[in-house]
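Protein chains in written order, with our numbering: chain A, 9 to 345; chain B, 1184 to 1378.
Ideal placement from N, C-alpha and C gives every residue a C-beta, glycine not left out.
One structure is given here, and the rest of the page talks about it.
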Amino acid sequence: MNRFEYVRADSIADAVGALAAPGARALAGGTNLVDLMKYDVAKPARVVDINRLPLKEIEPSPDGGLTIGALVTNSGLAWDPRIAEGYPLLASAILAGASPQLRNAATTGGNLLQRTRCYYFYDPSTPCNKREPGSGCPAIGGVNRIHAILGASDACIAVHPSDMCVALAVLDAVVNVQGPDGERSIPFEAFHRLPGNEPQHDNTLRRGELVVSVFLPPPGFGSHYSYLKVRDRLSYAFALVSVAAALKLDGGRISEARVALGGVAHRPWRDREAEQGLKGQKPDAAAFAGFADQVLRQARGQGGNDFKIELARRTIARALRQAAAATPQRQSDKSVR
Amino acid sequence: MLAERAFCLELLPPELVFFEINCEGPVDRPAATAGFPVSFVINGDRHELTVAPWVTLLDLLRERLQLTGTKKGCDHGQCGACTVLIDGVRINSCLVLAISRDGAQITTIEGLARGADLHPLQAAFIERDAFQCGYCTPGQICSAAGLLAEGHTHSRAEIREHMSGNLCRCGAYTNIADAIEDVLKQGASVREAAE
Chain A
9 MNRFEYVRAD SIADAVGALA APGARALAGG TNLVDLMKYD VAKPARVVDI NRLPLKEIEP
69 SPDGGLTIGA LVTNSGLAWD PRIAEGYPLL ASAILAGASP QLRNAATTGG NLLQRTRCYY
129 FYDPSTPCNK REPGSGCPAI GGVNRIHAIL GASDACIAVH PSDMCVALAV LDAVVNVQGP
189 DGERSIPFEA FHRLPGNEPQ HDNTLRRGEL VVSVFLPPPG FGSHYSYLKV RDRLSYAFAL
249 VSVAAALKLD GGRISEARVA LGGVAHRPWR DREAEQGLKG QKPDAAAFAG FADQVLRQAR
309 GQGGNDFKIE LARRTIARAL RQAAAATPQR QSDKSVR
Chain B
1184 MLAERAFCLE LLPPELVFFE INCEGPVDRP AATAGFPVSF VINGDRHELT VAPWVTLLDL
1244 LRERLQLTGT KKGCDHGQCG ACTVLIDGVR INSCLVLAIS RDGAQITTIE GLARGADLHP
1304 LQAAFIERDA FQCGYCTPGQ ICSAAGLLAE GHTHSRAEIR EHMSGNLCRC GAYTNIADAI
1364 EDVLKQGASV REAAE
């Protein structure tokens, strides 16, 4: 691990001030940053410890939504009764990720900001455009079983590894940040970005900005939802493909459909045009297959991950079927029904 | 303790042995390393210490305080051997910079027994023969103690899922789950008797 200057922030203003310095990184739960530092992938000049900041509460908003402080842990969020009741899709997605110990330390803000688990990104002895812009991407034409099938570029085919973020994308969450120029709110889909020519930027945060909270709009998908995660092991593995599906049904027809994919792109992947196409349809296999085809029409494999396209097709259809039947995937009993 | 260390060194692959004997990090440590005062209550005892900011809680426990019951396995949060309870919550101590938890109460495997009385999980692990080499066992037991305190585990499937952060390369999983299930049921019958 590199040597760094340690700053303990006592207020949000303190933290924002300290984060303005080049090479400064915020430390919350540390489950990803400390790991990256041990591999010399992250070598921050300054570590700003934000664990003392008053960002540990989940607070109701006047319109019936919830504001989740950036330091609320993943377990604190998943097991909160308000989340379990009003946003079970979010609870399910969180519990599909990592291990209990990691979820006890990992925070809401940190989950958003975790880096890809691309093997090459994690190995400083290899080139990587995300780690060292312009150095190249050995995953293209290399070992790319876990990589992107949607939205990749010639510079980077890494995927965002979060489960929680896939659910947040479906729930139309909003990320509240504070920086040198004040506060702003970023719609969830505009928070993470596609790699393009600048894969070093995972998201649209500007220098010195700190994630302070995540806003959840009022609940609406408490019964017809499912988070289905497909991976190499039954537990404690990143998604090859995951699907967060949420439906509203009215008189046997779909009145609203929202679907996000994880493990397939540089950000949680939503296709609003395809979602619109499900409106008014019966929630049956033909509709779901058609939807999956449309979402995946631009999908492209990299060789090692070609299987993900068909896997995604089937996972989308299965998750939608589970959502329509109000039989969400359980995260402890692993049978997929 | 010496015997334990020799035992570990013999069994561990070379890259882990490197970590075992170089836990404070690379040797090019700057002389002017700033130390920060921190305070912990560890297994009931207060410790006032000075630490460099890059020292993990795991290294602090093992190298500074000689609490070597907590094990360094992967050192990357993947194996669970380093699991301890921080303010009663199970956490991978290898991914915690000690300084960031200044003021915390920490319980390690050394702090679970009450004198000569083993913690029910320790007794159950012995009863069920829930280990072979024993290297993962302190982490397994601390993790299971956290699992019990969380109160979200009610079935065999949930035991397996909620213990998924603790690997056992000897493959003693069946007996580990048995041991935890025993203690879970003891707790349930104690609660029923109280009602």
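- Residue contact with chain B for A:S340: present (Cβ-Cβ distance below 8 Å to some residue of chain B).
- Per DSSP, B:Q1369 has no beta bridge partner at all.
- Note on geometry: alpha-carbon atoms of A:A113 and A:T39 lie some 7 Å from one another.
- Put simply, the CB of B:T1266 is near chain A, with a gap under 8 Å to one of its CB atoms.
- The Cβ-Cβ distance between A:A166 and A:K138 falls below 8 Å.
- Counting C-beta pairs with one atom in each stretch, the region 220-228 of chain A and the region 70-79 of chain A have three or more that are closer than 8 Å, which means they touch.
- The C-beta distance from A:Q186 to A:V15 rounds to 17 Å, too long to fall under 8 Å, and the pair is not in contact.
- For A:K46, the residues of chain B that pass the 8 Å Cβ criterion are D1258 and H1259, in the order they occur in the chain.
- Put simply, the CB of B:E1344 is near chain A, with a gap under 8 Å to one of its CB atoms.
- With a 10 Å radius around the Cβ and a threshold of 16 neighbouring Cβ atoms, A:Y233 comes out buried.
- By the rule that beta-carbons nearer than 8 Å mark a contact, A:R11 touches chain B.
- Judged by beta-carbon spacing, B:V1234 lies beyond the 8 Å limit of B:V1224, meaning their Cβ atoms are not closer than that value.
- The C-beta of A:D22 comes no closer than 8 Å to any C-beta of chain B.
- Restricting attention to A:G94, A:P169, A:R241 and A:H155, the CA atom closest to the CA of A:T124 is found in A:P169.
- In the DSSP assignment, A:Q186 is bridged to A:E191 and A:L218.
- Runs of the beta strand (DSSP E) lying entirely within the region 19-70 of chain A, each at least 3 residues long, are 32-35, 54-57 and 66-68 in chain order.
- Taking 7 Å as the Cβ-Cβ cut-off, the region 1354-1370 of chain B has no residue approaching chain A.
- Under the three-state reduction of DSSP output, B:I1359 falls in the helix class.
- Close to chain A, meaning a Cβ-Cβ distance shorter than 9 Å, are the following residues of the region 1269-1293 of chain B: I1269, V1272, R1273, I1274, N1275, C1277, L1278, V1279, L1280, I1282, S1283, R1284 and D1285.
- Chain A has a Cβ within less than 8 Å of the Cβ of B:P1236.
- For a cut-off of 8 Å, the C-beta gap from B:C1277 to B:D1300 is around 29 Å, too long to register as a contact.
- Taken in chain order, the members of the region 107-124 of chain A whose beta-carbon sits within less than 7 Å of a beta-carbon on chain B are S107, P108, Q109, L110, N112 and A113.
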